[in-house]
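Protein chains in written order, with my numbering: chain A, -6 to 395; chain B, -6 to 395; chain C, -6 to 395; chain D, -6 to 395.
Working notes, structure below.
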């Protein structure tokens, strides 16, 4: 089982994660992690902070000579901006009220964790909340996702993500005929990480206009994974169902408000006969489906078809326009009028979404297959793939169907 | 922490669950559990099996003189149909191939766990899968949900569920002005558990027509919970975010393909300025929001507004119309043409959805508050409610805002 | 991963457990479970209640045609004495103070959970504690242990337990040359489950005399498991160390106060040079040790030698002799003078100890090997056994040691 | 719930841990952590490496202005020796066989994880095992233990540890009359951390002689905790029993082979009447016991008496004297003859033992009491302490004992 905890404040010295439970002998490429971290910082519609931080990861345990040791990995991403925040984020006791008031926050921003976090944890200074609730934390989840994606890739499992809707403008192209490689290429070269370039211009214009208006935009991202073994997850217990766990992963990304698999909410508008994925078989391919309305998951398990999952990200809470809030000490209303830099972070969200899905899929693989060492894992996955094409192998004794 | 495991095959002697971690001294009303179980069996569009089973629960541990003991609860729901399945579901070894073939399944149904489960677990007889993957299991989740709902109710937290869309027909009424009591009354008297009676007739006609066509319908259900303390869940770690956990709970219900909170996917089409829930304060009410686009969750935590969450259920896989599948032994295609009885189970799904959300919310409450005994829990919740209205209480030492 | 929860009050209708995570296709023999349950009820020095209860298990889920389904197992053991306790243990509300006082306990027994449990859970009637804290619960752990022992046995892993000390009298025989089969035979035919028959008579006399004196005796039990694959557990994280987990399992048995592995506490009195298990190798046997001071565990992992673990059980709390306690309501001292029937339960404790160790070892096996189906598990274990004899297989690329 | 993962190789750049689940607002004193780390490095009988490393901790998240934030803490302890191991412990790929052979280990040491770890994880170089299985990891557990001990101390819970036996020589003094403060003072000034100074000289001589002989010594350490609330842990489920969990914590320390609570193994030699802790009551003190044979734990719960737990540490595996092992590649026997520096690490083990017990007790406290913020925790603990002295408070409705 994979376990990991992420840590770190947004303006503290660094973000850290420890990942426990990876097989020994898995090749780890640090550049690939840095590449994903860079992708998280891109995307049309971001402001300036992104340029300050050029995130790179340092690995301080669990890897030797380019491979995992079976012991826990420590990943550290420094916060480059920390040098300007040393005294504000100091761990030393500070009994000087003046000094403590520097950068203190007592006016909670709507749409953020500020107010609730302050009440829950008895924080006098809401900075104590926002430093951790910040989406900066997603850098760590991307780093973890890149490690797990490297595991998936070594097992010939591919995963991509792209933006399918931004600011209400949906990509129109039918991507069902594209390979994941093509999808990745198209998304990578798009400033808004859309596959359908015909909508790109409209989206960019909308972002520009929205920026001028001091407003923000949300959107929908999609993650697709191919090559997964049949039977990850299980119907036998509610908390083993992979669809539930993928939903948890996706919805736990900052600002996500919905998740859907396959046809998702659209499926409520169809007849049963329209959404059945009929079953076929060839010896080469094994069992497969003639369609993929269910997004690769049946009975809470992967069925061998691509896993298709979408998440919706709300617009970044904006304070450009005066918004009513309440000072937590004076209890007086005030109208916030603070500038912020990002118009949309949906392209970045696609990178995060891919990362968390990669991580959860890896978890499901490790649950199903032996994984003390990567060599064992790979052999077991490949041998199971052969088995699952050839059901003769599971005829352990049944009667009259000779 | 609440732990529970459900067990039981669809035609086995019984379903069982053990619930561990409930406070001692919580009043448990068996009739309320039976009432929820009955509601799960209702709903226009169900077939005949529902009439066979009149589910009632038996409690064999953890309760004495009408209150929990602090020890684990065992809940058992007998499968009344089991008497006809004794030999087929026997636990005794059976080496007679003829006898083993009785009711054996070797033709997997599209849209079910049959095929994948058979491959994963090396089952020669797919009955071994479908007996457990059946939605019959949701009876147990409803029973658990009723126990946890009783806990919520004792803490003055209310929760309701209803059908907001069925067969593509959406309720049109604005329910935002209705009390939960009214919503419950309206849904309870509706054969399709909709609140908006103006659409009911259209929905019933659609169900009737669909039944004649041998087809099936899906839909969308909504759960609303009110009265929750501020600050359930946490932003401090990805797996503590309550939105993610609610999504997991909802998506783990059989046949659910999507989940959304508050404005959900619609939020992708709005500007940031349109979806901000501004903050207000009165001494009586404490902090609250002027709107509820975010469905009661900010930063992965309850913010004191009603929690609003929806899930989409796909149409029941139907085999009325010939569907292609493959015999797992002969590998030959066949066209299934089997009758089934339910046209839609969306009304029932609303009962299940309410149950799983009640359970997860209870979990979050138990994590936040002391809960060895219910008396402690109740006191702590009430005292925290007072505290959270009055932020003076959390001024532990800050400087210059006297 | 194996999960299980046990439930049930001592005089309630039944004990129940649900076991989740067993592989599909594992043969389950109900008679073997009943046999272990019977052994738990035997042993010289028990009183009369043991004759009332002749425990037998009923399986109501998870098994079909003699094999596991991969879905959760429900095991139920009826409390035969329940018929005399129906009203006292009723789950129905009871507002009649007179009736509630029947069999109510307000005088906590020293050495039991009564007083602490009452305080912790706010129980007015300490019966609410003792019904669950009773060692009756160990029947369920024995049932689980028998299921997991069946799994171990199918993998050619053997496990035995016996009493090595009772009432201060230690077995003197060197059992290191005996096979586990012989140990089991000797323990099985001994009324006190000792292997060394030369001490048996002395032990029985001590029990008889102690019974006449109205006193009780404790003792030490040992569990030995052979045939375990090398490398169960792990040094990579503190909570993966198998020695810690076995200690937890053993110490969680009612009334156990100590646990030791291999030479245990004696090892503190030896020089390092005396307790080293030197390493040897033959192609047939693979790597092995020339001695077993460390009881089969190095670095928190099985090393291929027999796992040897002991636990100490305190004498049953006795109230034959007047003992001071305090009435929880009047706060007055009283001297308890209640009769009880068991002089010692150490022989039974050996059965429980074996069960919990079998369960934890099974857990460790399932963590290391694939286990959706038993056929996969068995193949993987056997193939790994071959591999671990032949380290050529793990030369994945190293340099100059040809 | 407290979660933590430790990471780091012995000669890698640093050890790291992330601790998740601590309350917000807990004062954290870094010097106290460093003080405990220093104590772990002391003790008569250690060799020279201890002088190289002067461990100090760096906190990079979770603390601000001297208090916890409620977010995860990251603790980092640099390995000062790492500068000499940069290339050997490099995370960069290394395809040069010569270079990879530097400091490679192919001769497993008896009594270490080397051989088993190599087999389990398919490591060609056993250094990949020993870097992590090294007792160096205990520095991290001491750091965690110091953080949790600070929490305990703030709740007026005290905890000490000392060496009660070393090299077969037991302390003779009756410490039952000493305060924990006195025990700590005596142990702190003893070079072997014994309380009984009369045995100190003999122990030191034995260490000196053993060092000259090239041998090693083990011993027994005891941890005592006072001031714990009544009712930590629970009898309601096997894995909630605190005795089992403390045993797991203690036994998971490197080289520990046994653990006992209260009278421990000696209790097997006593009559029941000799080991009963009779119950008494005064309004000031509440319920208490007239003795403490059971070491503060009844029914798997703290009973208000001091928790007393001992662990036995085996002698450090020694290679001074030629020991037989087998080269994993050539399979040839060899006789190891390598020098090492420590004669005994039992004094250090007492520091580690205290740390892991402090951590597990903290876990149990967090499970029982609300702990989002330390202020809530402290209030709840104190209020419960009052309650538990005064059982009138838990008379919620019972009948005829007015």
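Built from N, CA and C at the ideal position, the CB exists for glycine as well.
CA-to-CA distance, residue j to residue i, given in whole angstroms
{"i": "residue 33/A", "j": "residue 306/B", "result": "33 Å"}
{"i": "residue 405/D", "j": "residue 0/B", "result": "The first residue shown for chain D is -6 and the last is 395, placing residue 405/D beyond what the model contains."}
{"i": "residue 223/D", "j": "residue 113/C", "result": "7 Å"}
{"i": "residue 47/B", "j": "residue 23/B", "result": "15 Å"}
{"i": "residue 106/D", "j": "residue 354/D", "result": "29 Å"}
{"i": "residue 288/B", "j": "residue 35/A", "result": "30 Å"}
{"i": "residue -4/B", "j": "residue 54/B", "result": "15 Å"}
{"i": "residue 29/A", "j": "residue 230/C", "result": "28 Å"}
{"i": "residue 164/C", "j": "residue 255/C", "result": "16 Å"}
{"i": "residue 394/D", "j": "residue 327/C", "result": "For residue 394/D, the pLDDT reaches just 37, beneath the cut-off of 50, and the residue's location in the model is therefore unreliable, although a value from the coordinates is still provided. If you take the alpha carbons of residue 394/D and residue 327/C, they lie about 16 Å apart."}
{"i": "residue 324/A", "j": "residue 279/B", "result": "10 Å"}
{"i": "residue 61/D", "j": "residue 291/D", "result": "33 Å"}
{"i": "residue 212/B", "j": "residue 122/B", "result": "26 Å"}
Residue i, DSSP secondary structure in three states
{"i": "residue 244/B", "result": "helix"}
{"i": "residue 340/B", "result": "helix"}
{"i": "residue 13/D", "result": "strand"}
{"i": "residue 133/D", "result": "helix"}
{"i": "residue 37/B", "result": "coil"}
{"i": "residue 334/A", "result": "coil"}
{"i": "residue 373/B", "result": "helix"}
{"i": "residue -3/C", "result": "strand"}
{"i": "residue 166/C", "result": "coil"}
{"i": "residue 367/D", "result": "helix"}
{"i": "residue 254/B", "result": "strand"}
{"i": "residue 401/A", "result": "Since the displayed chain A opens at -6 and closes at 395, residue 401/A lies outside it and no answer follows."}
{"i": "residue 229/B", "result": "coil"}
Cross-strand partners of residue i (DSSP beta bridge)
{"i": "residue 29/B", "result": "Its beta-bridge partners do not exist; DSSP assigns none."}
{"i": "residue 20/D", "result": "60/D"}
{"i": "residue 66/D", "result": "12/D"}
{"i": "residue 273/D", "result": "281/D"}
{"i": "residue 306/B", "result": "212/B, 249/B"}
{"i": "residue 217/D", "result": "153/D, 301/D"}
{"i": "residue 159/A", "result": "162/A, 212/A"}
{"i": "residue 54/C", "result": "67/C"}
heavy atom of the ligand ATP below 8 Å from residue i C-beta
{"i": "residue 157/D", "result": "Because no ligand of any kind appears in the structure shown, any question about the ligand ATP cannot be addressed here."}
Anything in the segment 158 to 185 of chain A with a Cβ closer than 8 Å to a Cβ of chain D? List those residues in chain order, please. When C-beta distances to chain D are compared with 8 Å, every residue of the segment 158 to 185 of chain A stays at or above that value.
Any residues in the segment 52 to 64 of chain A with a beta carbon nearer than 9 Å to a beta carbon of chain D? Which ones, in chain order? If the cut-off is 9 Å between Cβ atoms, the segment 52 to 64 of chain A has 52, 53, 54, 55, 56, 57, 58, 59, 60, 62, 63, 64 near chain D.
Taking only runs of the alpha helix (DSSP H) that begin and end inside the segment 94 to 156 of chain D, which ones reach a length of at least 4 residues, in chain order? 107 to 114, 120 to 126, 131 to 147
Select from the segment 76 to 102 of chain C all residues with a C-beta closer than 8 Å to any C-beta belonging to chain B, and list them in chain order. 82, 83, 84, 85, 86, 87, 93
Mind checking the segment 15 to 33 of chain A against chain D and listing, in chain order, the residues whose C-beta falls within less than 9 Å of any C-beta there? From the segment 15 to 33 of chain A, only 16, 17, 18, 20, 21, 22, 23 have a Cβ closer than 9 Å to chain D.
Against chain B, which members of the segment 111 to 127 of chain C pass a CB distance test of less than 7 Å? If you check each beta-carbon in the segment 111 to 127 of chain C against every beta-carbon of chain B, the ones closer than 7 Å belong to 113, 114, 115, 116, 121, 125.
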